[in-house]
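Here's the structure we're looking at; comments come further down.
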Amino acid sequence: MQHLALWIAFRFSRARQRNRFISFISASSTFGIALGVMVLITLLSAMNGFEQALKDRLLSVVPHGEVTAVREPIVDWKSLSASAIADPAVVAAAPFVKFNAMLERGGKMKAIESRGVDLDYELDVSDIGAYLLPEPADTLVDNELWLGKTIADELSLAVGDKVMMLIPTLDPQMRMKPPKRKMFVVKRLIQMGGELDASAALISIDTAAELSGWQGGVQGIRFKFGDVMAAPRLVRNAAYEMAHYLYISDWTRTQGHLYSDIQLVRGIVYMVLTLVIAVASFNIVSTLVLAVQDKQSEIAILKTMGTTDAMVMKIFILQGLFNGVLGSLIGAGLGVLIASSLGQIAQGVERLLGHKLLDAEIYFIDFLPSLLSISDVVFTVIVAIALSLLATLYPAWKASKILPANVLGQSV
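Laid out in structure tokens, this is it:
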């Protein structure tokens, strides 16, 4: 009986193509479902790509978590770092000293956050060496400076140029004093994209400690974790083991807005395009209502031959599902194809338009990322087919309630 219902549904589906209006509505519902599924898979892949790029690029440079001394330098930072790394979830730890300063050159000034680092430890917690011009990261001595590319462009600086750093100072009564001044040579440029290029300035940790008054120790320790999503918990655990007054911070406080924005856009995209698929799916209602009216005689004959109401309902459910399944599979195939080539497609559009779709000075990447998730594809197809199934229930129920005597009596 299952095969009979499927065979009759297939015959009805093929036969209704003789009615051009019904065929048009049927084709439009299939096209709408395919389009919605295709666009949803493509955009979800783009969202996955942005999330992965956030983890691979931005979070490979910014600290996953850090603790900062409130008053006194952290003298025993080596033993504290070693104790933290004993936790398998902590990949590496590195000391730092940071302070706000101004760079001055040729009458131009730029506010920066200067960070003093020890390269022996810093390159274990950060992949910043991959974004240096020129590579590689070798040394960072007393008067050398690694500077964000955007800052360098604003101050017309190139590798080898000199720039004056001004560091604000206070007297014991917390009144402003003339700033400390130190000349630096630009040794490397940092070109990663986004706000980091507009604020980063790295110097040696000893120089930073001398300029900011943290001699004898370090200001804080930054951590790299295996699971970046667990950073808030892991950095708290590490801080609680340290006998110091500390400020605790993690990447969700400094860069978390990017991750939140990605999740927000993902949710909006899914909601809107699911509604698009739902609208297309419910075109199946119109198709089946017209098909039921067109096939009343056939339904009546089937019932006189002993076909049950449940069988009639099943026939029209299967008939409507043909559109949903066909549209879902076509949309999934096209979505997978486009998502797999999204980067190349974006590059072609950029060449055609003559400008970049993503500006590296605004975003942390200058390309359109894509990461296809099989679970997204499967879930999208299931949702589309489920909506199509819901759309078939009412017309199929109406078909099952047709009375053969009324239909055949009218045709006599």
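Numbering of the sequence shown is given in my numbering, commencing with residue 671 and proceeding in unit increments.
Note that beta-carbon positions come from the ideal geometry of N, C-alpha and C, so glycine has one too.
Given the structure is predicted, the values throughout are model-derived calculations rather than measurements.
**Report entry** Close Cβ partners of residue 708 (< 6 Å) along its chain, the five nearest in sequence each way excluded
**Finding:** Sequence-distant partners of residue 708 (beyond 5 residues in either direction) whose C-beta falls short of 6 Å from its own C-beta, in its chain, are 1001, 1004, 1005.
Requested in this report: Would you mind working out which of 903, 692, 862 sits nearest residue 800, comparing C-alpha positions?
Outcome: The option with the nearest alpha carbon to residue 800 is 862.
Query - For residue 920, three-class secondary structure by DSSP - result: strand
Requested in this report: Please say whether residue 791 and residue 754 have beta carbons closer to each other than 9 Å?
Outcome: no
Requested in this report: Assign residue 1027 to one of two classes, buried (16 or more other C-beta atoms within 10 Å of its C-beta) or exposed (fewer than that).
Outcome: With fewer than 16 Cβ atoms within 10 Å of its Cβ, residue 1027 is classed as exposed.
Report task. Determine the burial state of residue 766: buried for a count of at least 16 other Cβ atoms within 10 Å of its Cβ, exposed for fewer. Result -> So residue 766 counts as buried.
Query raised in the report: What did DSSP end up calling residue 659 once you bin it into helix, strand or coil?
Result: Since the first residue shown for the chain is 671 and the last is 1082, residue 659 is missing from the structure and cannot be characterised.
Query raised in the report: Could you check where the beta strand (DSSP E) with residue 813 kicks off and where it finishes?
Result: Careful: residue 813 lies outside any beta strand (DSSP E) and carries neither H nor E.
**Report entry** residue 769 and residue 875 closer than 9 Å at C-beta
**Finding:** Result no, Cβ atoms of residue 769 and residue 875 do not sit closer than 9 Å.
Query raised in the report: So the beta strand (DSSP E) residue 1045 belongs to, where does it begin and stop?
Result: Premise fails: residue 1045 lies in the alpha helix (DSSP H), 1044 to 1070, not in any beta strand (DSSP E).
Requested in this report: Compare the C-alpha of residue 1038 against each of 909, 891, 1018 and name the closest.
Outcome: Considering only alpha carbons, the answer is 1018.
Query - Cut-off 7 Å between Cβ atoms - residues of its own chain near residue 1067, not counting five sequence neighbours on either side - result: 983
Query raised in the report: Just reading off the beta strand (DSSP E) that residue 890 is part of, what are its end residues?
Result: 890 to 895
Query raised in the report: If residue 796 and residue 737 are in contact, beta carbons under 8 Å, what's the gap, nearest whole angstrom?
Result: So it is not a contact: roughly 16 Å between Cβ atoms.
**Report entry** N- and C-terminal bounds of the alpha helix (DSSP H) containing residue 936
**Finding:** 926 to 951
Query - Presumed contact (8 Å Cβ cut-off) between residue 868 and residue 821, rounded CB distance - result: Rounded, the Cβ-Cβ distance is 6 Å, consistent with contact.
Query raised in the report: In three-state DSSP terms, what is residue 782?
Result: strand
Query raised in the report: By DSSP, does residue 686 sit in helix, in strand, or in coil?
Result: Because residue 686 carries a pLDDT of 49, less than 50, the predicted location of this residue cannot be relied on, and no value is offered for it.
Requested in this report: Name, in chain order, the residues that DSSP records as bridge partners for residue 787.
Outcome: 766, 874
Query raised in the report: Given a threshold of 16 other Cβ atoms within 10 Å of its Cβ, counted over all protein chains shown, does residue 1065 qualify as buried or as exposed?
Result: buried
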